[in-house]
Amino acid sequence: MSDEVNQQLEVTAPLIAFFGTPEKEQIAILPVLEERKYDFPEGDLITSNALEILVNGYKACLNSILIRLMTIQDESVSKSIKDLVDLVERLLETTRKILEEHFEVIGNANSLGASEWESLRQLSLTAQRKLEIQLVVNTKTMKDCVEYWLHS
Numbered sequence: 517m518s519d520e521v522n523q524q525l526e527v528t529a530p531l532i533a534f535f536g537t538p539e540k541e542q543i544a545i546l547p548v549l550e551e552r553k554y555d556f557p558e559g560d561l562i563t564s565n566a567l568e569i570l571v572n573g574y575k576a577c578l579n580s581i582l583i584r585l586m587t588i589q590d591e592s593v594s595k596s597i598k599d600l601v602d603l604v605e606r607l608l609e610t611t612r613k614i615l616e617e618h619f620e621v622i623g624n625a626n627s628l629g630a631s632e633w634e635s636l637r638q639l640s641l642t643a644q645r646k647l648e649i650q651l652v653v654n655t656k657t658m659k660d661c662v663e664y665w666l667h668s
């Protein structure tokens with residue numbers, strides 16, 4: 517893959533690993549935050565909800581990866597690239613659905629058991645395997661991901 521895709525994957529790898537972990541582990545490693553302003557491509561988000569930031573961050577990173585992969589796909593006939601593009605598109609669709617339909621309950625631990633969250637977990641696990649991401653996430657890793665989106 518191109519250097520641009522690999523750079524974006526480096527930023528996204530902790531999110532892919534996080535969203536691929538089981539529900540109870542996700543809840544256990546979420547950082548506790550104070551309400552702040554976070555800067556996303558689609559606009560600022562003022563929240564203290566770490567999960568909301570991570571889902572928005574995941575969506576932004578997936579969009580960036582998809583753009584880069586589509587450029588590679590245009591130049592290549594590789595089936596593995598096409599499969600990866602399809603996977604990222606399904607991940608994006610799932611994150612959009614979660615943000616649109618479950619926005620008000622994103623911070624509720626009970627919402628992590630919903631079918632969309634399970635779909636996100638399964639797709640993230642598939643991405644983790646395809647991209648050979650060998651990363652164990654913890655609270656510090658997730659706090660670093662959250663801080664990445666902090667706009668001061």
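Heads up, the sequence shown is in the numbering used here, so the first residue is 517 and it goes up one at a time. For glycine and all other residues, C-beta sits at the position ideal for the given N, C-alpha and C.
- Ranked by Cα distance from L570, the first of K613, P530, Q638 is P530.
- DSSP places L561 inside the beta strand (DSSP E), whose first and last residues are 559-563.
- At the C-beta level, K598 and Q589 come within 8 Å of one another.
- A direct Cα-Cα distance of roughly 33 Å separates M586 from I543.
- For T537, there is no enclosing alpha helix (DSSP H), since its DSSP letter is neither H nor E.
- Bounds of the alpha helix (DSSP H) holding I588 are 566-591.
- G573 sits away from S640, with the two beta carbons spaced by 8 Å or more.
- Using a Cβ distance threshold of 8 Å, A576 and P547 do not count as a contacting pair.
- Here L647 carries a coil assignment [DSSP, helix/strand/coil].
- Rounded to the nearest angstrom, the gap between the Cα atoms of S592 and S518 is 12 Å.
- The three-state secondary structure of L639, taken from DSSP, is helix.
- Annotation for L607: the continuous alpha helix (DSSP H) segment containing it runs 595-617.
- When DSSP states are grouped into helix, strand and coil, L666 belongs to the strand group.
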